[in-house]
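Have a look at the structure below before the remarks.
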Amino acid sequence: MTQCSPISRVLALLLLLLPLVATADSDQGGEKEALPFSDLTFPEPARHYSAEQKCVQPVEEMRKNHMKYILHQRDETVHRGIRTRRYALEECVNCHTAKDDEGEYVPINAPDQFCYSCHSYASVKIDCFQCHATKPVRPSTLNTPESNAANSTEKLSNDIRQLLASEGQAQ
Amino acid sequence: MSESSKLADAARRNFLAKAGVAAGAAAVAPGVFLSTSPAQARPADEPVSSAKRWGILVDTTKCASDCSACVSACENENGWGSSEPNSSAEQKAHWIRSVTIKNKATGFAKTLPMMCQHCETPPCVDVCPTGASFRRADGIVLVDKHICIGCRYCMMACPYKARSFVHEDLHDQKPWAPRGKGTVESCTLCDHRVDKGEIPACVEACSADNHNALIFGDLYDENSEISKALKAKDSVELRADLGLNTGVRYRGI
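Residue numbers (the working numbering), protein chains in the order written: chain P, -18 to 152; chain V, 20 to 272.
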């Protein structure tokens, strides 16, 4: 490696800094260019459930762990034939789809709808709805008086408790 | 598996099935029992058990040559049939087909419904590289489309041409029958209905048309309609030479 003279070192430093200085100049003078993502606002998904109507778990829990509930329920249903409705994807759709001006249901995976709006914000690509129904087809069974009585105890199936506990330990 | 061990297995299964029935029966009075009906609804939070094995007996002598009630009932129930406009006839989904067989020597022709035979030892499960193709404890052979990679080995392995592959993007699927591009599918024996204690859509449609060519029930329950019918008269499994012990059996061919 050859030794650099002090002058050439200063010149090199100036060259390196030049683009930064130039940017600063243009920012002050001309049109301000938007930074990437600076116009990003947190999407407010379309909802059609009421404030009184609770989700199947507290909202904080669902925001964080909804995918675990759905994944667990998926395997239970497909492989073991367990058809409890509480964590069924169909019930998510039943509750979280919105209707358009003509009163028709909008697919839940449409860009401004419940699932997609948040997943696009979080850059999460899900493929649930390539196969699963995107609109309510049969009425929800979660808001019948019996199911409300059953849900009021806030009981979690033991399996899900164990699953979440074991995942918590793993982290 | 040798013949004797198969028999032993069957005996054990019979014993288990009876034990299951005994456990599910309620004593009303000494010597009087209220036994559970074969298609009684299982509680939703209870897993399927191997104490039951679902099957269908197809009495082809009752099948009319121009009838396709079972096929259209399946299409309506599970949402296939008109969902793939760009696929050729061979590519389209066929969960259940109406097949006409003809004796070339005598010219005698017969139409019968053809679907997944729900084998006890399904070749589709043997060849599946991901474990997507599986047999549920109660004998229903299914595809877990979450795991299916669409390789279609199972379609090659199935001697009954029961499976089909979805080539197109689909919309407006039924919530109880998710289907999607890139996965293999076949008759699910209407597991969503069976789990509720109902009978498959094809069987229902057949009896609604007063043909009664299809009998659905628990093969392990000797008091079920299907077991009694199988005991009373001759029936065959298709390609019995393969030893797959199918859950769907035929009479009159």
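Idealized CB from N, CA, C, for every residue including glycine.
On a predicted model such as this, the values are computed, not experimentally measured, just so you know.
Indicate the three-state DSSP secondary structure (helix, strand or coil) for residue i in the structure shown.
i, result
"SER226 of chain V", "helix"
"PHE127 of chain V", "coil"
"ASN264 of chain V", "coil"
"GLY109 of chain V", "For the sequence presented, residue 109 of chain V should be read as Glu rather than Gly. Three-state result, GLU109 of chain V: coil."
"ARG270 of chain V", "strand"
"ILE120 of chain V", "strand"
"VAL67 of chain V", "coil"
"GLU204 of chain V", "strand"
"SER104 of chain P", "coil"
"SER87 of chain V", "coil"
"LYS164 of chain V", "coil"
"SER98 of chain P", "helix"
"VAL37 of chain P", "coil"
"VAL146 of chain V", "helix"
"VAL255 of chain V", "strand"
"ARG119 of chain P", "coil"
"ARG154 of chain V", "strand"
"LYS45 of chain P", "helix"
"THR140 of chain V", "coil"
"TYR50 of chain P", "helix"
"LYS7 of chain V", "Lying outside 20 to 272, the shown extent of chain V, residue 7 of chain V is not represented and no answer is given."
"ASN231 of chain V", "coil"
"TYR172 of chain V", "helix"
"ASP56 of chain P", "helix"
List the residues of chain V that residue i touches, going by C-beta distances under 8 Å, in chain order.
i, result
"SER114 of chain P", "Residue identity check: residue 114 of chain P is Ala in the sequence provided, not Ser. Simply ASP191, GLN192, LYS193, PRO194 and PRO197."
"ILE63 of chain P", "ALA63, ASP64, GLU65 and PRO66"
From this set, the options, which residue's C-alpha is nearest residue i's C-alpha?
i, options, result
"GLN54 of chain P", "P:VAL87, P:ASN46 and P:ARG64", "P:ARG64"
"ASP188 of chain V", "V:LYS111, V:VAL222, V:ASP237 and V:PRO219", "V:LYS111"
"VAL77 of chain V", "V:GLN136, V:THR202, V:ALA151 and V:PRO141", "V:GLN136"
"GLY127 of chain V", "V:ILE168, V:SER84, V:SER102 and V:ASN95", "According to the sequence provided, residue 127 of chain V is Phe. The question's Gly does not apply to it. Selected option, being the one with the closest Cα: V:SER84."
"LEU233 of chain V", "V:ASP253, V:PHE153, V:ALA220 and V:VAL162", "V:ALA220"
"LYS193 of chain V", "P:ARG61, P:ASN75 and P:PRO39", "P:ASN75"
"TYR102 of chain P", "P:ASP108, P:ASP93, P:SER121 and P:TYR68", "P:ASP93"
"VAL162 of chain V", "V:PRO178, V:GLU65 and V:SER183", "V:SER183"
"TRP73 of chain V", "V:VAL213, V:ILE168 and V:ALA151", "V:VAL213"
"GLY236 of chain V", "V:THR119, V:CYS173 and V:GLU223", "V:GLU223"
"ILE245 of chain V", "V:ASP228, V:CYS82 and V:ARG268", "V:ARG268"
"VAL203 of chain V", "V:CYS225, V:ASN229, V:ILE168 and V:ILE272", "V:ILE168"
"VAL90 of chain V", "V:SER205, V:GLU241, V:LEU257 and V:LEU249", "V:SER205"
"CYS93 of chain V", "V:PRO148, V:GLY158, V:HIS211 and V:GLU109", "V:HIS211"
"HIS190 of chain V", "V:GLY98, V:CYS138 and V:CYS177", "V:GLY98"
"ARG198 of chain V", "V:HIS113, V:THR130 and V:PRO66", "V:HIS113"
Does residue i have its Cβ less than 7 Å from a Cβ in chain V?
i, result
"VAL59 of chain P", "yes"
"GLY84 of chain P", "no"
"ILE89 of chain P", "no"
"GLU71 of chain P", "yes"
"ILE51 of chain P", "no"
"GLN111 of chain P", "yes"
Are the C-beta of residue i and some C-beta of chain P separated by less than 7 Å?
i, result
"PRO66 of chain V", "yes"
"ALA63 of chain V", "yes"
"ASP214 of chain V", "yes"
"THR265 of chain V", "no"
"ALA44 of chain V", "Caution is warranted here: a pLDDT of 42 is assigned to ALA44 of chain V, below 50, making its placement in the model unreliable, and the coordinate value is therefore given only provisionally. With 7 Å as the cut-off, ALA44 of chain V does not count as an interface residue toward chain P."
Please list the partners that residue i has in chain P, where partner means a Cβ-to-Cβ separation under 9 Å.
i, result
"LEU161 of chain V", "VAL59 and HIS60"
"ASP78 of chain V", "Within chain P, no residue comes near ASP78 of chain V; the closest Cβ sits about 28 Å away, beyond 9 Å."
"LYS200 of chain V", "GLN111 and CYS112"
According to DSSP, what are the bridge partners of residue i?
i, result
"MET134 of chain V", "V:ILE115"
"ASP237 of chain V", "V:TRP73"
"TYR86 of chain P", "P:LYS80"
"ASP78 of chain V", "V:ARG270"
"ARG182 of chain V", "The partner list for ARG182 of chain V (beta bridge, DSSP) is empty, contrary to what the question assumes."
"ALA196 of chain V", "V:LYS193"
"SER243 of chain V", "Answer by DSSP bridge pairing: none, since SER243 of chain V is not bridged."
Under 7 Å between beta-carbons, which chain V residues line up against residue i? List them in chain order, please.
i, result
"VAL118 of chain P", "LYS193 and PRO194"
"ARG55 of chain P", "HIS165"
Chain P partners of residue i, CB-CB under 8 Å?
i, result
"PHE153 of chain V", "HIS60"
"HIS186 of chain V", "By Cβ distance, chain P contributes nothing, its closest Cβ being about 13 Å from HIS186 of chain V, past 8 Å."
"LYS111 of chain V", "Within 8 Å Cβ-Cβ: nothing; LYS111 of chain V doesn't reach chain P, min ~17 Å."
"LYS81 of chain V", "Those do not exist, as LYS81 of chain V stays about 30 Å from chain P at its closest Cβ, beyond 8 Å."
Given the structure, does residue i come close to the ligand ATP, in the sense that its CB is under 6 Å from one of the ligand's heavy atoms?
i, result
"ASP210 of chain V", "Questions concerning the ligand ATP fall outside what the structure shown contains, since it holds no ligand whatsoever."
For a contact meaning CB atoms closer than 7 Å, what does residue i contact in chain P?
i, result
"ASP210 of chain V", "GLY62"
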